[in-house]
Amino acid sequence: MPLSAYRVRASVAVSDLYRAVAFYEGKLGLRALESGPSAHVADGSRTYGAGGGPALNVYQSDTAGKSPATLATWYVDDIEEIVDELTASGVEFIRYDQLEYDAKGITARAGGGRIAWFQDPDGNTFAIEADV
């Protein structure tokens, strides 16, 4: 049975859901569509919407840890505007030694376009990309 016929949602483990909620809702501006249990935590997860549907599940887990790999990417029209807004909200963009960045932390993307990375309080890595 091919999985391409079904919706997919990224899931991210965090060590403290309430600290994560402050980041995902307060700094990223995501809207929680629902909350629910996570393992032994009755109110230990949030599902956030993006692009018109559920996109990201954040859940509290003892296995939460830092992921240097990009876990999810938001595709935006105006990367500079989004980076400015997130920076104003307290999001810090990360820079990798092998790449060159502009003053905002945006770099060229392989194959064209531009990209910027940031991390949540647990060190989980996310990206924002634009084709221009």
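Just so we're aligned, residue 1 is where the sequence shown starts under UniProt numbering, counting upward by one. Even glycine gets a Cβ: it sits at the ideal position worked out from N, Cα and C.
- As computed with DSSP, Pro54 is found in a beta bridge with Gly49.
- With contact defined as three or more Cβ pairs closer than 8 Å, the region 90–101 and the region 116–124 are in contact.
- Sequence-distant partners of Ser15 (beyond 5 residues in either direction) whose C-beta falls short of 6 Å from its own C-beta, in its chain, are Ala64, Asp122.
- Under the criterion of beta carbons closer than 8 Å, Ser38 and Tyr59 qualify as touching, at roughly 4 Å.
- In the structure shown, Ile79 falls within a helical segment according to DSSP collapsed to helix, strand and coil.
- Secondary structure note for Val21: its alpha helix (DSSP H) is the uninterrupted segment 17–21.
- Judged by DSSP in its simplified three-state form, Gly123 adopts coil rather than helix or strand.
- The residue from Arg7, Asp84, Thr73, Tyr101 with its alpha-carbon nearest to that of Lys27 is Asp84.
- Relative to the Cα of Leu30, the nearest Cα in the group Thr47, Gly36, Ala42 belongs to Thr47.
- In the structure shown, Gly44 adopts extended strand secondary structure according to DSSP, grouped into three states.
- Looking at the DSSP output, Thr87 shares a beta bridge with no other residue.
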